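At position 337 of the sequence shown (counting the first as 1) the number is 337 in UniProt numbering, and the numbers step up by one without a gap. Structure first, commentary second.
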Amino acid sequence: MTQSLPHPALAAADPELAALVGAEERLQADTLRLIPSENYVSTAVLEATGTVLQNKYSEGYAGRRYYEGQQNIDLVETLAVERAKAVFGVEHANVQPYSGSPANLAAYLAFARPGDTVMGMSLPMGGHLTHGWGVSATGTWFNGVQYGVRHDTARIDFDEVRDLARKERPKIIFCGGTAVPRTIDFAAFGEIAREVDAVLVADIAHIAGLVAGGAHPSPVPHADVISTTTHKTLRGPRGAMLMSRATHAKAIDKAVFPGLQGGPHNHTTAAIALALHEAAAPSFRDYAHAVVANAKALAEALLARGFDLVSGGTDNHLVLIDLTNKDVPGKVAAKALDRAGIVVNYNTVPFDPRKPFDPSGIRIGTPSLTSRGLGTDLMPQIAEWIDRGVTAAGKGDEEALAAVRGEVAELMARYPAPGLPIAG
Ligand code: DSN
Numbered sequence: 001m002t003q004s005l006p007h008p009a010l011a012a013a014d015p016e017l018a019a020l021v022g023a024e025e026r027l028q029a030d031t032l033r034l035i036p037s038e039n040y041v042s043t044a045v046l047e048a049t050g051t052v053l054q055n056k057y058s059e060g061y062a063g064r065r066y067y068e069g070q071q072n073i074d075l076v077e078t079l080a081v082e083r084a085k086a087v088f089g090v091e092h093a094n095v096q097p098y099s100g101s102p103a104n105l106a107a108y109l110a111f112a113r114p115g116d117t118v119m120g121m122s123l124p125m126g127g128h129l130t131h132g133w134g135v136s137a138t139g140t141w142f143n144g145v146q147y148g149v150r151h152d153t154a155r156i157d158f159d160e161v162r163d164l165a166r167k168e169r170p171k172i173i174f175c176g177g178t179a180v181p182r183t184i185d186f187a188a189f190g191e192i193a194r195e196v197d198a199v200l201v202a203d204i205a206h207i208a209g210l211v212a213g214g215a216h217p218s219p220v221p222h223a224d225v226i227s228t229t230t231h232k233t234l235r236g237p238r239g240a241m242l243m244s245r246a247t248h249a250k251a252i253d254k255a256v257f258p259g260l261q262g263g264p265h266n267h268t269t270a271a272i273a274l275a276l277h278e279a280a281a282p283s284f285r286d287y288a289h290a291v292v293a294n295a296k297a298l299a300e301a302l303l304a305r306g307f308d309l310v311s312g313g314t315d316n317h318l319v320l321i322d323l324t325n326k327d328v329p330g331k332v333a334a335k336a337l338d339r340a341g342i343v344v345n346y347n348t349v350p351f352d353p354r355k356p357f358d359p360s361g362i363r364i365g366t367p368s369l370t371s372r373g374l375g376t377d378l379m380p381q382i383a384e385w386i387d388r389g390v391t392a393a394g395k396g397d398e399e400a401l402a403a404v405r406g407e408v409a410e411l412m413a414r415y416p417a418p419g420l421p422i423a424g
């Protein structure tokens, strides 16, 4: 059985909490994690996150703080900023946003005023809550207009985007999303944004690691602002960054602090600096390309088993499966797969006739399994497990799910995850 990692101080101070941490370590070690926005960070990133840097307040920016004692913190933040600029080829980087939603909110604060029109991809079509969707503050405080995908191709309809932008004249256009399996055409978005004089924000949270590793085109120079989390394909700590042209640097910085946030989380900043250092290594290019190769191989294997994939496949790390033809709702499938040791999330598919809390699809991705070293040769096996899991979900066959769980754990034991205990 997989052991948990030693956390002697935690175990002594709070055995109840230590037991939960240990259980999560074993869960992450023993299961096949297919949620496309998750990953395994390196032990070094975990260590950086757990440093005494978290004890320090540093409101402001390097050299311009409201607290003393910044001798080391200024250098840490500058390191992260310079590395972000180098990895993404941008003129300005702000590494202080607490996560993706606050980063996007800061972009609104920098370039729009409440009531202004903003435009983004609608959530059920693959966008993000913070791209102007109704239940989000961004759709409440701003007039959010939303584009989608074509019914026949499930790809973005740039005629629709252009027409909507011309009609609505948004202050900000967001591109990017959370369930977009295809390459984002930043040049096309840039052209439309320039035509209507909008600020183009490329939210690359899902694909930042692919961009850094050259496995997805970069939004530079098409986007005015690039927003990203640091914990998905980029494989850093939970955090975010805003990057921009130099002309927008002041507006972005002012919006993050003092506009929206107080003190930056310096332990996170340190871990971001480290993750960017890792992302600059040649091995990260290999990783980024392997993520895409695995996703394509998994998509092929799923298609061969009769699964209906939104847009017919993938160009990136993510595969969106419409389970309508399998007659199993996404939520039922996701919960059954979880019992089989395969962790996915249920998700709407474009034009979904079902409700968001009980949608037709599941969303899967390959960032985590690629971090464990699984290659394309194993993707048919994973497709087979998903197939067996979905079939078992439809029949309520718990025995079949348990059998898959055993096979999954056996394979995972052969591919230890960074930062986690090894089975045995
Ligand atoms: N919830 C994240 C995702 O899973 O895609 C985005 O916020």
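All residues carry an ideal CB built from backbone N, CA and C; glycine is no exception. All of these numbers come straight from a predicted model, not from anything done at the bench.
Under the 10 Å beta carbon count, Pro350 is surrounded by 16 or more other beta carbons and is classified as buried. Residue state for Gln381 is assigned as helix, using DSSP reduced to three classes.
In this structure, the ligand DSN has no non-hydrogen atom nearer than 7 Å to the beta-carbon of His131. The beta carbon of Thr31 sits closer than 8 Å to the beta carbons of Gly341, Ile342, Val343, Val408, Ala409, Met412 from its chain, once the five residues preceding and following it are set aside; these are given in chain order. For the pair Thr366 and Val291, the Cα-to-Cα distance works out to about 6 Å.
The alpha-carbon separation between Ser101 and Val211 amounts to approximately 20 Å. For Ser218, the distance from the CB to the nearest heavy atom of the ligand DSN is not below 7 Å.
About 17 Å separates the beta carbons of Arg182 and Gly209, which is beyond the 8 Å limit, so they are not a contact pair.
With fewer than 16 neighbouring CB atoms inside 10 Å of its own CB, Leu20 falls in the exposed class. Under the Cβ criterion (8 Å, minimum of three pairs), the stretch 85–97 does not count as touching the stretch 166–177.
With at least 16 other beta carbons inside 10 angstroms of its own, Asp253 counts as buried.
Contact between the stretch 234–248 and the stretch 273–293 is present, with at least three C-beta pairs closer than 8 Å. The stretch 374–383 and the stretch 41–48 do not touch, with fewer than three beta-carbon pairs separated by less than 8 Å. Fully enclosed beta strand (DSSP E) runs of no fewer than 3 residues occupy 318–322, 345–347, 361–365 of the stretch 315–389, in order along the chain.
Put simply, the backbone Cα of Val390 is about 29 Å away from that of Gly22. The beta carbon of Ala110 sits closer than 6 Å to those of Ala251, Ile252, Ala255, all from its chain and outside the five residues before and after it, given in chain order. Residues Gln146, Gly148 of the same chain have their beta carbon placed closer than 6 Å to that of Ser122, with the five preceding and five following residues left out of the count. Distance from the CA atom of Pro421 to the CA atom of Ala202, rounded to whole angstroms, is 37 Å. Per the CB criterion, closer than 5 Å to any heavy atom of the ligand DSN, the qualifying residues run in chain order as Ser37, Thr178. In this structure, Gly213 and His289 form a Cβ contact; the two beta carbons are roughly 7 Å apart against a cut-off of 8 Å. DSSP places Val161 inside the alpha helix (DSSP H), whose first and last residues are 158–168.
When the five nearest sequence neighbours on each side are left out, the beta carbons in the same chain lying within less than 7 Å of the beta carbon of Val332 are those of Ala393, in order along the chain.
In the assembly as shown, Tyr67 is an exposed residue. Its beta-carbon has fewer than 16 other beta-carbons within 10 Å. The shortest C-alpha to C-alpha distance from Glu77 to any of Thr268, Val404, Asn104 is the one to Thr268. In the structure shown, Ile172 adopts extended strand secondary structure according to DSSP, grouped into three states. Straight across, the Cα-Cα distance linking Tyr108 with Leu260 is about 11 Å.
Here the alpha carbon of Arg354 sits roughly 15 Å from the alpha carbon of Arg363. Gly115 is classed as exposed because its beta carbon has fewer than 16 other beta carbons within 10 Å across all chains shown. Ser227 counts as buried, since no fewer than 16 other beta carbons sit within 10 angstroms of its beta carbon. Separation of the CB atoms of Gly263 and Ser58 is rounded to 6 Å, and the pair is thereby assigned contact status at 8 Å. When DSSP states are grouped into helix, strand and coil, Asp30 belongs to the helix group. Judged by their CB atoms, His216 and Thr178 are not nearer to each other than the 8 Å cut-off. Counting C-beta atoms within 10 angstroms of its own C-beta, Thr130 has 16 or more neighbours from the protein chains shown and is therefore classed as buried. Comparing alpha carbon positions, the residue from Phe307, Ser244, Ala402, Glu300 closest to Val81 is Ser244.
According to DSSP, residue pairing for Tyr147 in a beta bridge involves Met121.
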